[in-house]
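*Asks:* Got a structure for you, written out below as C-alpha cells; questions coming shortly.
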Ligand code: NAD
Ligand code: LMR
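Numbering (UniProt numbering), first residue to last: 1 to 334.
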C-alpha cells in the first residue's frame, strides 16, 4: 500500500511520470497536484486498470494539503523549463519559490515522505528542500533526493551508440556523479560496465563525456522554445521512484544508483567521498545503496583517471555556488 504524489502533475514531465507511476503495481494511491488541469489528468489516468486509485487536486480548498495527506513518496516536477540560450541556473528566479512553497507543504503535511526533486536547477533546489525541512525540524537527509537518473540513462544510451549497438543500452552502466548541470555532471566512463573498448580514442571519450554533460541542451535545442526533456525525464523519474519503492519493499536484491543528496545522509560514507573529492561539499551526486529508510550507504567514488580528475576539479566551483545559492534562499535574512 503506497501513496505516491506528483506535484506539477499537469506539466510536460508531470503527465507522463504520473502515467508511469500509475502503471507501478506497488502504488495503490496516486494524488496529482498542479495549479491547473489535474482533474482532467486524474480522470484520464483513473480509467487504467492498475491498482492505484487516482485523484486530482488544485490549489483551492487546501488542495495541496489534501493531496499530500499520508504521502509516502512525493515527486516534484513543478516549475518552468529552459528555452534555448538559458542555463538551468536561469530558472532559479521562478523555480526556487515554487519548490520552497511545495517543500513547506510536504514538511508540514507528510514530513516522512521520500522527496524526489526534479525541478531545476537541481543543484540548488535540493538544498532548498533540505533547508525548509530543517526549519520545520523534520529534516532527514536519507529521504531527500535530487533526481539525476536522466544523466545516467543518457550515459548508457550514448555509450551504447558509440559502441555501435543501441540494443545493448539497458545493460550498459556508467556512474554519473557530481551535480545536474553542464560541467557539474561527471560521467565516470573509466568505470563503465562493460568497460570501454580499448579502441576508443581519448578524443572519442572526451566527445562522449561532453554529450552526456550537455544532453539536456540537445533536447532544448530540438524543441526550439517548447521546453526541455519531458518524456525521457518521466522515464528516468519513474525508474528512480521504482528503485526507492523496491528498496522500501525489501526485494532482497541490492539496489545501487546515483542521486544528488546531502552527504549528511551517511556521515561514514561521506568521509571517504570528501577525501576523494578533496574538498568538503554538502551536496553531491554519489552512488548510494538504497534501503527501507532511503539512503543506507554512500559508496566511494573509486578510481578516476586524470581526465576525470580534471572534470571533478572543474565541477567544484559551480557546485559550491549552486549549493550556497539554494541554502541562502531559505536561510539568509531577506
Ligand atoms: P512544464 O512547464 O511542462 O510543467 C511544469 C508544471 O508545473 C506545469 O503544469 C505548471 O502548471 C506546474 N506548476 C507551476 N507552479 C506550480 C506550483 N506552485 N505548484 C504545482 N505545480 C506548479 O515543465 P516540465 O517540462 O515538466 O519541466 C518541469 C521542471 O523539471 C523544470 O524545472 C525542468 O527544468 C525540470 N527538469 C529536470 C530534469 C532533471 O533531470 N532533473 C529533466 C527535465 C526537466
Ligand atoms: C535535462 O537534463 O534534460 C533537464 O535538466 C532539462 C534541461 O534544462 O536541460
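We put the CB at the ideal spot given by N, CA and C, even for glycine.
For the region 169 to 237, which segments carrying the beta strand (DSSP E) assignment without a break, of at least 3 residues, lie completely within its bounds, in sequence order?
*Replies:* Qualifying beta strand (DSSP E) stretches, in chain order: 176 to 178 and 185 to 187.
*Asks:* Given that a residue counts as buried once 16 or more other Cβ atoms are within 10 Å of its Cβ, and exposed if not, what is residue 3?
*Replies:* Residue 3 comes out buried.
*Asks:* Give the DSSP bridge partners of residue 55, in chain order.
*Replies:* Bridge partners of residue 55: 31.
*Asks:* Does the distance between the C-beta of residue 216 and the nearest non-hydrogen atom of the ligand LMR fall short of 6 Å?
*Replies:* Residue 216: yes, Cβ under 6 Å from the ligand LMR.
*Asks:* Have a look at residue 318 and residue 140 and give me their C-alpha separation to the nearest angstrom.
*Replies:* The alpha-carbon atoms of residue 318 and residue 140 are separated by roughly 25 Å.
*Asks:* What three-state label does DSSP hand residue 45 in the structure shown?
*Replies:* Correct three-state label for residue 45: helix.
*Asks:* Quick check on residue 191: buried or exposed, where buried means 16 or more other Cβ atoms within 10 Å of its Cβ?
*Replies:* Burial call: buried.
*Asks:* Using the Cα positions of residue 103 and residue 79, report the straight-line distance between them to the nearest angstrom.
*Replies:* Their Cα atoms are separated by approximately 13 Å.
*Asks:* Under 6 Å: does the beta carbon of residue 156 sit that close to some heavy atom of the ligand LMR?
*Replies:* Not under cutoff, so the answer is no.
*Asks:* Is the number of C-beta pairs between the region 122 to 132 and the region 156 to 165 that are closer than 8 Å three or more?
*Replies:* Because the criterion of three Cβ pairs below 8 Å is not met, the region 122 to 132 and the region 156 to 165 do not touch.
*Asks:* Judging by CA-CA distance, which residue of 329, 309, 216 and 187 is the nearest neighbour of residue 287?
*Replies:* Of 329, 309, 216 and 187, the residue nearest in Cα terms is 187.
*Asks:* Tell me, which residues are paired with residue 289 by DSSP?
*Replies:* DSSP, once it has assigned bridges, lists 256 and 297 as partnering residue 289.
*Asks:* Could you spell out where the beta strand (DSSP E) holding residue 7 opens and where it closes?
*Replies:* It spans 2 to 7 - the beta strand (DSSP E) in which residue 7 sits, taken as one unbroken run.
*Asks:* First and last residue of the beta strand (DSSP E) that includes residue 116?
*Replies:* Note, residue 116: beta strand (DSSP E), 114 to 117.
*Asks:* Please report the distance separating the alpha-carbon of residue 281 from that of residue 330.
*Replies:* Spanning the two alpha carbons is a distance of roughly 18 Å.
*Asks:* Spell out the partners DSSP gives residue 146 in its beta bridges.
*Replies:* DSSP lists 117 and 260 as partners of residue 146.
*Asks:* Taking DSSP as the reference, what is the three-state secondary structure of residue 138?
*Replies:* Coil at residue 138, not helix or strand.
*Asks:* Measure the CB-CB distance between residue 36 and residue 45 and report whether it falls below 7 Å.
*Replies:* No.
*Asks:* With C-beta atoms as the reference, is residue 10 less than 7 Å away from residue 28?
*Replies:* Result no, Cβ atoms of residue 10 and residue 28 do not sit closer than 7 Å.
*Asks:* What is the DSSP secondary structure of residue 73, counted as helix, strand or coil?
*Replies:* Strand at residue 73.
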